[in-house]
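Everything below concerns the one structure shown next.
2 protein chains.
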Amino acid sequence: MEYSGPTVFELGENQALKQAVSIFKKVDSTIVGSGDDAAVIGLTDLRFVVTTDTLVQDHDFKLEFSSGFDLGFKAVASNVADVVAMGARPIALTVAMVVTPTTTQAWLEDFARGLQAGLDELAPTAEIVGGDLASGAQIVIAVAAHGQLLAEPLLRSGAKPGDLVAVCGTLGKAAAGLDLLLHPDKTLAASYPELVDVQLRPTPPVELALQAVSAATAMMDISDSLALDANRMAKASGVALNLHSSKLFGYQAVLELAAQSVNSRGDKQVSEIDWVLFGGEDHSFLTTFPSGAAIPKGFKVVGEVLASQAPMALLDGNPLEAKGWDSVTS
Amino acid sequence: MEYSGPTVFELGENQALKQAVSIFKKVDSTIVGSGDDAAVIGLTDLRFVVTTDTLVQDHDFKLEFSSGFDLGFKAVASNVADVVAMGARPIALTVAMVVTPTTTQAWLEDFARGLQAGLDELAPTAEIVGGDLASGAQIVIAVAAHGQLLAEPLLRSGAKPGDLVAVCGTLGKAAAGLDLLLHPDKTLAASYPELVDVQLRPTPPVELALQAVSAATAMMDISDSLALDANRMAKASGVALNLHSSKLFGYQAVLELAAQSVNSRGDKQVSEIDWVLFGGEDHSFLTTFPSGAAIPKGFKVVGEVLASQAPMALLDGNPLEAKGWDSVTS
Numbered sequence: 035m036e037y038s039g040p041t042v043f044e045l046g047e048n049q050a051l052k053q054a055v056s057i058f059k060k061v062d063s064t065i066v067g068s069g070d071d072a073a074v075i076g077l078t079d080l081r082f083v084v085t086t087d088t089l090v091q092d093h094d095f096k097l098e099f100s101s102g103f104d105l106g107f108k109a110v111a112s113n114v115a116d117v118v119a120m121g122a123r124p125i126a127l128t129v130a131m132v133v134t135p136t137t138t139q140a141w142l143e144d145f146a147r148g149l150q151a152g153l154d155e156l157a158p159t160a161e162i163v164g165g166d167l168a169s170g171a172q173i174v175i176a177v178a179a180h181g182q183l184l185a186e187p188l189l190r191s192g193a194k195p196g197d198l199v200a201v202c203g204t205l206g207k208a209a210a211g212l213d214l215l216l217h218p219d220k221t222l223a224a225s226y227p228e229l230v231d232v233q234l235r236p237t238p239p240v241e242l243a244l245q246a247v248s249a250a251t252a253m254m255d256i257s258d259s260l261a262l263d264a265n266r267m268a269k270a271s272g273v274a275l276n277l278h279s280s281k282l283f284g285y286q287a288v289l290e291l292a293a294q295s296v297n298s299r300g301d302k303q304v305s306e307i308d309w310v311l312f313g314g315e316d317h318s319f320l321t322t323f324p325s326g327a328a329i330p331k332g333f334k335v336v337g338e339v340l341a342s343q344a345p346m347a348l349l350d351g352n353p354l355e356a357k358g359w360d361s362v363t364s
Numbered sequence: 035m036e037y038s039g040p041t042v043f044e045l046g047e048n049q050a051l052k053q054a055v056s057i058f059k060k061v062d063s064t065i066v067g068s069g070d071d072a073a074v075i076g077l078t079d080l081r082f083v084v085t086t087d088t089l090v091q092d093h094d095f096k097l098e099f100s101s102g103f104d105l106g107f108k109a110v111a112s113n114v115a116d117v118v119a120m121g122a123r124p125i126a127l128t129v130a131m132v133v134t135p136t137t138t139q140a141w142l143e144d145f146a147r148g149l150q151a152g153l154d155e156l157a158p159t160a161e162i163v164g165g166d167l168a169s170g171a172q173i174v175i176a177v178a179a180h181g182q183l184l185a186e187p188l189l190r191s192g193a194k195p196g197d198l199v200a201v202c203g204t205l206g207k208a209a210a211g212l213d214l215l216l217h218p219d220k221t222l223a224a225s226y227p228e229l230v231d232v233q234l235r236p237t238p239p240v241e242l243a244l245q246a247v248s249a250a251t252a253m254m255d256i257s258d259s260l261a262l263d264a265n266r267m268a269k270a271s272g273v274a275l276n277l278h279s280s281k282l283f284g285y286q287a288v289l290e291l292a293a294q295s296v297n298s299r300g301d302k303q304v305s306e307i308d309w310v311l312f313g314g315e316d317h318s319f320l321t322t323f324p325s326g327a328a329i330p331k332g333f334k335v336v337g338e339v340l341a342s343q344a345p346m347a348l349l350d351g352n353p354l355e356a357k358g359w360d361s362v363t364s
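So the sequence lines, in the order shown, correspond to chains A and B. My numbering applies: residue 35 is where the first sequence begins, and numbers increase by one. My numbering applies: residue 35 is where the second sequence begins, and numbers increase by one.
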């Protein structure tokens, strides 16, 4: 990840943006794209969805591990997942960036290519419709993502007793990838490229999640961890979400070798079940469906919703600690 | 601007946000507010406007001069002005924040009160519908603002030969306020509280600008400077914007004493006409109207639009340098 050539600072905001913005593709829903005071987006419904998510250098990523391309892709993935989790199709993103005096134009354009690649793969109906470029001490990427609802909004408060709890997407791979990247044995990450790829460029199963919109009662982007987000859904819905450890074996199994490698070569001890339960950043979808609903193929049922006086997530009937990523204290 | 008590870091993201978010008022257009994966906003028209703008500590503001309240207010003002300049009424804002390990919860709540005060004064139809709180080396405030169009979008490319060029809001006061704050004589700023206030908490004349939407041919938020933004409008419209220095005398006159004070007590020499032409951050509105249009009271005609082979801004017929704020190189 070596970048050379002039810095963004040397080019100035307008020239730097002009070259980066030329990388973005246009979509039909954009009425006025970037270049004016604001963008104008067209809808086919009198509602839109909006969310924002931030990536901060040395807190959410390290330039040592992530290329500009990776970060653009990840910024799209994390924001698009939140839009989709509301039952909406992504249509427009804005990107506010802070770059440092040493950030090169080559890095910025690689980042822009990563943004577009993320849209191409995860949200081809969406466009980068605007942005802002500022200077600071570390790179910050603040995206706001917008979507159009396919039906009524899918809230995290919609889970009902008797519903099934299902997941689509990976669990624990992003956390495993992070432990591999951070491992003192720098050769380890290369042995598990798939896990590292999920950490660097997560690919939430957007189309699959959107297929579930009409049947689902609740949906969330699992960004901070299965345990933490299941607790959030349980509290918002006033229910218990009981997960079955036997249903999580499959997610653990594919992480077993990586956990052994991490443990055999360093001081930090990890376990595949901790990655699955408490690891963040996979951006998979936690969903509840009424019993008997047609659950789209690709979702895996991992538990059920129970009535409860003390709303919380359970694992095999026992309280599951709401442990995961906290973007301030982590 | 002393803040005490626990840091945001000590409270953690969820608790810190919960207390800050309780400060925000709700508006009718918000269908789902903060607390889910994304917010859902209702419209009365199948289009929405979106813009994003960022404030970075030590580049766009200094904690020595700006309170948390000031920064919340300014973040609203700068973003709302961009929405309004498209001919849209603000309805929803998201706020992505980076705070530092030393940022106190008291500061964060003062910032939240400033955001709400900015909405109360400038955009009472808008709500803070979502946000994100992250940790980093310096405070970063990235707002995305959304609006509902009142008519067709007012683009910067709409100015036509024969139109009148008009301005509403202050010119040069924010730049004067900044030079006063930065002056080595620390007593100076207190002598010109109105100028300092415009720098710290700009108040774009939102309602006045919205009154002009049906008559205007083009509108821009003057964020970087009259000269720079007039050049941008000229280029986007393929015309010349000829400003008359005699029409700017009134803006200069109210800055004359402050310029004399700055010049008499320090090394930096300023001039009131430079503040008016090349100073940014007033967030006033540069507007063009067809000749004979009913221009709302409160707008001041400062020039006219001319056909031109070389689109640019002019002052009394001579090229006006596109000089002003560049958020990367400044």
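C-beta atoms are modelled at their ideal positions from N, C-alpha and C, and glycine is treated no differently.
Suppose the cutoff is 7 Å on Cβ atoms and the five residues either side in sequence are ignored; what does the same chain contact list for THR251 of chain B look like?
Around THR251 of chain B: GLY192, ALA193, LYS194, ASP197, THR322, PHE323, PRO324.
Using three-state DSSP, classify PRO227 of chain A as helix, strand or coil.
PRO227 of chain A: helix per DSSP, three-state reduction.
Run through DSSP, which three-state label would MET254 of chain B get?
Here MET254 of chain B sits in strand by DSSP.
With distance defined between alpha-carbon atoms, name the residue in A:PHE82, A:PHE103, A:GLN53, A:ALA261 nearest to SER63 of chain A.
It is A:PHE82.
Any contact between the stretch 35-46 of chain B and the stretch 82-95 of chain A? By contact I mean 3 or more CB pairs, one from each, below 8 Å.
Touching, no, given that fewer than three Cβ pairs across the two stretches are closer than 8 Å.
By Cβ distance below 6 Å, which residues in the same chain neighbour LEU311 of chain B in space, the five residues on each side in sequence not counted?
For LEU311 of chain B, where only same-chain residues beyond five positions count, the Cβ hits under 6 Å are LEU260, ALA261.
Please classify LEU282 of chain B as buried or exposed, where buried requires at least 16 neighbouring CB atoms within 10 angstroms.
When all chains shown are included, LEU282 of chain B counts as buried.
Residues in its own chain within less than 7 Å of SER342 of chain B by CB, not counting five upstream and five downstream?
Closer than 7 Å at Cβ, skipping near neighbours: VAL273, ALA274.
Taking the DSSP output, what are the residues bridged to ALA347 of chain A?
DSSP lists A:LEU275 as partners of ALA347 of chain A.
For GLY203 of chain A and GLY206 of chain B, what's the separation of their Cα atoms in angstroms?
Straight-line Cα distance between these residues: approximately 54 Å.
Would you grab the beta carbon distance between MET267 of chain B and PHE319 of chain B for me? Rounded to a whole angstrom, and I think it's under 8 Å.
Going by Cβ atoms, the distance from MET267 of chain B to PHE319 of chain B rounds to 11 Å, so no, they are not a contact pair.
Tell me, please, which residues DSSP counts as bridged to PHE319 of chain A.
For PHE319 of chain A, which the question treats as bridged, DSSP gives the partners A:CYS202, A:ASP255.
Kindly indicate which three-state DSSP category ILE307 of chain A falls into: helix, strand or coil?
Residue state, collapsed to three classes: helix.
Alpha carbon to alpha carbon, how far is ASN276 of chain A from GLY69 of chain B?
Taking the straight line joining both Cα atoms gives about 22 Å.
Check whether chain A comes within 9 Å of VAL84 of chain B, counting only Cβ atoms and requiring the distance to be less than that.
Closer than 9 Å: yes.
Counting pairs of Cβ atoms below 8 Å between the stretch 346-356 of chain A and the stretch 109-125 of chain B, do you hit three or more?
No contact exists between the stretch 346-356 of chain A and the stretch 109-125 of chain B.
Cα-Cα, which of B:ALA243, B:ALA327, B:GLY351, B:GLY164 is closest to HIS317 of chain B?
That would be B:ALA243, whose Cα lies nearest to the Cα of HIS317 of chain B.
Please report the distance separating the alpha-carbon of VAL230 of chain B from that of LEU214 of chain B.
The straight-line gap from Cα to Cα measures roughly 7 Å.
Assuming PRO330 of chain A and GLN245 of chain A make a contact with CB atoms under 8 Å, what is their CB distance in whole Å?
Confirmed, about 4 Å.
Look at the Cβ atom of GLY181 of chain B, then the Cβ atom of MET120 of chain B, and state whether they are nearer than 9 Å.
Taking 9 Å as the Cβ cut-off, GLY181 of chain B and MET120 of chain B qualify as a contacting pair.
Leaving out the 5 sequence neighbours to the left and right, which residues in its chain are closer than 6 Å to ALA210 of chain A when beta-carbon positions are compared?
Cβ within range, chain order: LEU229, LEU289, ALA292, TRP309.
In chain B, which residues lie with their C-beta within 8 Å of the C-beta of ASP116 of chain A?
Result: ASP71, ALA72.
Using a C-beta to C-beta distance shorter than 8 Å, which residues of chain B count as neighbours of MET254 of chain A?
Near MET254 of chain A (Cβ distances below 8 Å), the residues of chain B are ASP71.
Got a sec: is the Cβ-Cβ distance from PRO195 of chain A to anything in chain B below 9 Å?
It does not; no Cβ of chain B falls within 9 Å.
Taking Cβ-Cβ distances below 9 Å as the criterion, which residues of the stretch 119-131 of chain A are in contact with chain B?
Residues ALA119, MET120, ALA122, ALA126, THR128, VAL129, ALA130, MET131.
Going by DSSP, what residue range makes up the beta strand (DSSP E) through LYS334 of chain B?
Residues 334-341.
I believe GLY165 of chain A touches SER257 of chain A by the beta-carbon criterion, under 8 Å. Please report the beta-carbon distance rounded to the nearest angstrom.
At roughly 22 Å, the Cβ-Cβ gap does not stay under 8 Å, so GLY165 of chain A and SER257 of chain A are not in contact.
Could one say the Cβ of LEU153 of chain A lies closer than 9 Å to chain B's Cβ atoms, at least one of them?
False, the Cβ-Cβ gap to chain B never drops below 9 Å.
Just reading off the beta strand (DSSP E) that ILE81 of chain A is part of, what are its end residues?
It is Arg, not Ile, that sits at residue 81 of chain A in the sequence shown. Unbroken beta strand (DSSP E) run through ARG81 of chain A: 81-90.
Enumerate in chain order the residues of its own chain whose CB-to-CB distance from ASP87 of chain B is below 7 Å, with the five nearest sequence positions on each side excluded.
Excluding positions up to five away in sequence, the list reads SER112, ASN113, ASP116, VAL177.
What do you reckon, are the CB atoms on GLY39 of chain B and GLN139 of chain B nearer than 9 Å?
In contact: GLY39 of chain B and GLN139 of chain B (Cβ atoms closer than 9 Å).
GLY181 of chain A bridges to which residues according to DSSP?
DSSP, once it has assigned bridges, lists A:VAL83, A:PRO124 as partnering GLY181 of chain A.
Below 9 Å between beta carbons: does that hold for ASP71 of chain B and ARG190 of chain A?
Yes; because the gap between Cβ atoms is below 9 Å, this pair is in contact.
Quick one: Cα of ALA54 of chain B to Cα of ALA146 of chain B, how far?
Cα to Cα, ALA54 of chain B sits roughly 6 Å from ALA146 of chain B.
Select from the stretch 165-177 of chain B all residues with a C-beta closer than 7 Å to any C-beta belonging to chain A, and list them in chain order.
Residues GLY165, ASP166, LEU167, ALA168, SER169, GLY170, ALA171, GLN172, VAL174, ALA176.
Would you kindly report the start and end of the unbroken alpha helix (DSSP H) that includes GLU290 of chain A?
Where GLU290 of chain A is concerned, the enclosing alpha helix (DSSP H) stretches over 290-299.
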